[in-house]
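One structure below.
2 protein chains.
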Amino acid sequence: MNLLFLGTSAGVPTKQRNVTGIALRESKGKGWYLIDCGEGTQHQVLRTKLTFNSLKAILITHVHGDHCYGLPGILASAGMNGRKAPLTIVAPAGIKAWLEATCETTQLGLPFALEFVASDDLPSVEFANMAVATFRLSHRVACYAYAFTEKNVDAALDIEKLTQKGIPRGPLWGQLKQGFDIEFAGELLKSADYLIFKNKPRKVVIAGDNDRPELLIDACAGAQVLVHEATYTQEMAQKAIEVGHSYAKLVADFAESVTLPNLVLTHFSPRYQFNPQASPSIEDIRKEAQSAYSGVLYLARDFLEFTLDKSGHFSEVASE
Amino acid sequence: MNLLFLGTSAGVPTKQRNVTGIALRESKGKGWYLIDCGEGTQHQVLRTKLTFNSLKAILITHVHGDHCYGLPGILASAGMNGRKAPLTIVAPAGIKAWLEATCETTQLGLPFALEFVASDDLPSVEFANMAVATFRLSHRVACYAYAFTEKNVDAALDIEKLTQKGIPRGPLWGQLKQGFDIEFAGELLKSADYLIFKNKPRKVVIAGDNDRPELLIDACAGAQVLVHEATYTQEMAQKAIEVGHSYAKLVADFAESVTLPNLVLTHFSPRYQFNPQASPSIEDIRKEAQSAYSGVLYLARDFLEFTLDKSGHFSEVASE
């Protein structure tokens with residue numbers, strides 16, 4: 001499972017950072033999910049190996065423009081690139097009507113269907129290889145976090161149990177191993193009951209804008225990674241609360257309280273400069289978070305990619 | 001008067017070319033006009049010396065997404081950059097309602113007023129230093145060309161006429177020279193009647209998508225420069241006509257027929273590759289146009305800048 005940051009700036013793009021867009025790639029194949037789609041996200045995708053045809057779903061955390069103004073363009077380009085497969089869009093109320101109005105005004109006919117799921121219903125959405133749960137956050141508008149948990153985790157057959165049950169070695173074992181339930185001696189046997197999972201399923205929580213990280217306690221249970229905004233440092237705490245954002249220490253304190261293994265901060269205000277010698281810089285955000293959090297801390301930047309391996313180990317992918 | 005290309009690709013962005021956006025800068029000061037605003041135009045602006053505060057107006061040629069999806073984001077960023085001055089938007093019907101719906105859905109409050117002018121009324125819009133006339137084109141949707149003619153052209157006083165009229169040398173001469181009409185001996189005297197213009201006013205025509213260049217005959221009268229799409233070469237003529245676009249020879253033939261001094265082609269289909277060794281490449285478009293047009297031909301690319309000097313001489317600005 002890989003995380004690739006396509007945009008890490010808050011509100012407006014800068015020369016070094018685009019507005020929000022995060023790609024989550026499945027561990028098998030090329031399938032990926034796009035979480036938020038600020039303007040220019042399709043341009044960032046062009047600079048990666050991701051393709052519009054292998055995009056499984058777009059999930060929008062909230063309606064602010066820096067998280068959704070890239071939607072019409074990425075859909076138009078996917079269409080012009082020949083996409084035919086339906087695309088799921090999980091988004092707060094408003095996005096569906098706005099996209100429909102945009103298609104009508106700009107005479108955009110898409111050659112694939114859009115399947116909308118309203119985030120406001122806190123849906124659990126199941127994809128072939130991924131289950132997504134939705135959690136409510138606190139911001140100026142309705143805003144959500146999406147927790148991605150992999151399905152079809154590698155497992156070994158529980159030979160002892162299979163033998164006890166008298167299931168003969170052969171095709172039935174194979175079906176159970178591949179995750180299919182079977183009928184045996186007039187009984188429905190569930191695949192999961194005859195498998196021993198080697199590892200916990202991988203789980204990544206990606207949160208939208210939020211001034212109350214503690215809302216993510218349930219979401220973070222069993223998660224190896226939380227991606228959360230840290231728009232400011234504590235020095236700007238008053239401004240942060242006014243505009244519904246977090247500062248580094250607030251997120252770090254929460255992550256520490258739930259003993260989260262890996263925390264990735266993103267969505268930095270342009271006031272924090274990219275150059276670590278400048279003041280204030282992104283390094284100020286890092287220092288503040290580091291002082292409160294004893295897990296592994298990362299600060300996102302555009303095109304930074306991470307991998308979460310089967311065993312739950314999370315690490316940076318060396319850039320090419 | 002300077003022309004700076006911010007995007008020169010048709011339909012979708014490529015790694016080398018963004019979708020349409022053209023900046024026209026006034027000869028005096030920092031004022032500029034943005035013609036079309038595809039997604040990512042604000043990102044391109046960040047890479048130039050243009051500022052959101054000195055933007056005088058945005059003019060949209062038509063409602064297709066590759067010409068307008070960057071509008072909400074550029075307005076949001078201008079607001080976050082502190083712009084307070086009203087902004088004129090000249091655009092076809094639909095854009096106003098769409099922008100208003102976008103602002104409402106995405107809770108975008110702008111700290112400056114938008115003043116909409118409907119292109120469909122073929123308006124002549126007067127700015128302090130520029131007069132803009134609108135011309136109807138032929139495309140799949142209502143589409144327009146904008147002709148920019150500079151005002152306040154350098155001029156000398158007509159001393160003979162002033163003396164004949166008995167106007168005393170002094171402040172009145174100064175006012176006439178600066179373009180102000182005056183009252184003298186109970187009569188209103190127009191500044192333009194007492195000035196000798198050294199040069200023809202500079203005039204640049206910027207056309208949107210169009211499959212009938214001959215519609216620009218009137219627009220091109222007295223123009224030094226026409227910017228026109230050449231999405232395809234003649235090999236793709238049938239496709240071009242189907243989708244309402246021009247191919248190189250069609251535009252070149254027209255430019256030749258009106259003895260246009262300078263032609264800039266842009267809005268190239270991504271099928272024409274940037275690499276001149278590839279096939280088909282942008283160079284195929286150049287060759288086809290060159291064979292039919294004896295004026296000065298340019299092919300636009302992103303960040304290519306041109307200057308049109310007082311005397312009407314048009315040339316590339318050396319990049320830094």
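Just so you know, the sequences run in chain order B and D. Under UniProt numbering, residues 1 to 320 are what the first sequence spells out, in order. Under UniProt numbering, residues 1 to 320 are what the second sequence spells out, in order. Ideal Cβ positions, reconstructed from N, Cα and C, are used throughout, including at glycine.
Whether residue i touches residue j by CB criterion (8 Å)
i: Val205 (chain D); j: Leu216 (chain D); result: yes
i: Ile89 (chain D); j: Val227 (chain D); result: no
i: Ile58 (chain D); j: Leu34 (chain D); result: yes
i: His64 (chain B); j: Gln107 (chain D); result: yes
i: Lys249 (chain B); j: Gly222 (chain B); result: no
i: Ile60 (chain D); j: Ala97 (chain D); result: no
i: Ala155 (chain D); j: Ile182 (chain D); result: no
i: Arg301 (chain B); j: Thr51 (chain B); result: no
i: Cys220 (chain D); j: Val258 (chain D); result: yes
i: Glu288 (chain B); j: Gln234 (chain B); result: yes
Neighbour list for residue i in chain D, Cβ cutoff strictly below 8 Å
i: residue 324 (chain B); result: Lying before the first or after the last residue shown, residue 324 (chain B) is absent from chain B, which here runs from 1 to 320.
i: Trp32 (chain B); result: Residues of chain D passing the Cβ test: none, with the nearest at roughly 19 Å.
i: His43 (chain B); result: Pro13, Asn18, Glu39, Gly40, His43
i: Arg47 (chain B); result: Lys15
i: Ser311 (chain B); result: In chain order: nothing, as chain D lies at least about 36 Å away.
Nearest candidate by alpha-carbon position, reference residue i, set the options
i: Asp193 (chain D); options: D:Asp158, D:Tyr69, D:Asp36; result: D:Asp158
i: Ile95 (chain D); options: D:Thr106, D:His62, D:Ala221; result: D:His62
i: Ser27 (chain B); options: B:Pro213, B:Leu4, B:Gln16; result: B:Leu4
i: Ala147 (chain D); options: D:Thr134, D:Arg140, D:Arg83, D:Val12; result: D:Thr134
i: Ile282 (chain B); options: B:Ser294, B:Gln273, B:Gln290, B:Glu288; result: B:Gln273
i: Ser269 (chain B); options: B:Val12, B:Asn2, B:Met1, B:Val258; result: B:Val12
i: Cys143 (chain B); options: B:Phe127, B:Asp120, B:Val153, B:Lys161; result: B:Asp120
i: Glu242 (chain D); options: D:Arg212, D:His267, D:Lys15; result: D:Arg212
i: Lys165 (chain B); options: B:Ile285, B:Gln178, B:Lys190; result: B:Lys190
i: Glu39 (chain B); options: B:Ala289, B:Arg17, B:Thr48, B:His67; result: B:His67
i: Arg83 (chain B); options: B:Leu110, B:Thr105, B:Val153; result: B:Leu110
i: Trp32 (chain B); options: B:Asn18, B:Leu6, B:Arg17; result: B:Leu6
i: residue 351 (chain B); options: B:Tyr232, B:Ala93, B:Glu160, B:Thr48; result: In this structure chain B extends from 1 to 320, so residue 351 (chain B) is not present and cannot be described.
i: Arg271 (chain D); options: D:Asp309, D:Ser291, D:Phe116, D:Thr231; result: D:Thr231
First and last residue of the uninterrupted alpha helix (DSSP H) at residue i
i: Glu100 (chain B); result: 95-105
i: Thr163 (chain D); result: 159-164
i: Arg286 (chain D); result: 282-290
i: Asp193 (chain B); result: Note, Asp193 (chain B): premise wrong, no alpha helix (DSSP H); not H, not E.
i: Ile217 (chain D); result: 217-220
Beta strand (DSSP E) segment containing residue i, residue limits
i: Cys130 (chain D); result: Going by the sequence as given, residue 130 (chain D) is Met instead of Cys. From DSSP, the beta strand (DSSP E) with Met130 (chain D) extends over 130-136.
i: Leu308 (chain B); result: 305-308
i: Lys203 (chain B); result: 203-207
i: Ile60 (chain B); result: Where Ile60 (chain B) is concerned, there is no enclosing beta strand (DSSP E), given that its DSSP letter is neither H nor E.
i: Phe268 (chain B); result: Segment: none, Phe268 (chain B) is in no beta strand (DSSP E) and carries neither H nor E.
Whole-angstrom distance between residue j and residue i, CA atom to CA atom
i: Val296 (chain D); j: Gly208 (chain B); result: 52 Å
i: Tyr69 (chain B); j: Cys37 (chain B); result: 7 Å
i: Met1 (chain D); j: Thr307 (chain D); result: 6 Å
i: Ala113 (chain D); j: Ala78 (chain D); result: 12 Å
i: Lys30 (chain B); j: Ser54 (chain B); result: 6 Å
i: Ile167 (chain B); j: Gly244 (chain B); result: 57 Å
i: Thr149 (chain B); j: Pro123 (chain B); result: 14 Å
i: Leu87 (chain B); j: Val264 (chain B); result: 28 Å
i: Lys56 (chain D); j: His313 (chain D); result: 24 Å
i: Asn129 (chain B); j: Lys200 (chain B); result: 15 Å
i: Asn275 (chain B); j: Ala76 (chain B); result: 35 Å
i: Ala131 (chain B); j: Lys151 (chain B); result: 7 Å
i: Leu46 (chain D); j: Ala318 (chain D); result: 19 Å
i: Val125 (chain D); j: Pro72 (chain B); result: 30 Å
i: Asn210 (chain B); j: Ala145 (chain B); result: 9 Å
i: Gln224 (chain B); j: Leu260 (chain B); result: 7 Å
i: Leu176 (chain D); j: Arg169 (chain D); result: 11 Å
i: Ser138 (chain B); j: Ser315 (chain D); result: 54 Å
i: Thr105 (chain D); j: Ala118 (chain B); result: 15 Å
i: Leu172 (chain D); j: Lys198 (chain D); result: 21 Å
i: Tyr293 (chain B); j: Ile74 (chain D); result: 37 Å
i: Lys239 (chain B); j: Leu299 (chain B); result: 21 Å
Chain B residues whose Cβ lies nearer than 9 Å to that of residue i
i: Tyr144 (chain D); result: Neighbours of Tyr144 (chain D) on chain B: none; closest Cβ ~16 Å, over 9 Å.
i: Pro72 (chain D); result: Glu39, Gly65, Tyr69
Chain D contact residues for residue i, given Cβ-Cβ distances below 7 Å
i: Pro280 (chain B); result: Neighbours of Pro280 (chain B) on chain D: none; closest Cβ ~18 Å, over 7 Å.
i: Ala76 (chain B); result: Gly65
Proximal chain B residues relative to residue i, where beta-carbon distance stays under 8 Å
i: Cys220 (chain D); result: Here the premise fails: no neighbours, minimum Cβ distance about 28 Å.
i: Gln107 (chain D); result: Val63, His64, Arg140, Val141
Closer than 7 Å at the beta carbon, the chain B residues around residue i
i: Val204 (chain D); result: Simply none; closest approach about 26 Å.
i: Gly94 (chain D); result: Thr105
Residues that residue i contacts on chain D, provided the C-beta gap is smaller than 9 Å
i: Thr102 (chain B); result: Gly65, Tyr69, Trp98, Ala101, Thr102
Chain C contact for residue i (CB, 8 Å cutoff)
i: Arg47 (chain B); result: Chain labels in this structure do not include chain C; the protein chains are B and D.
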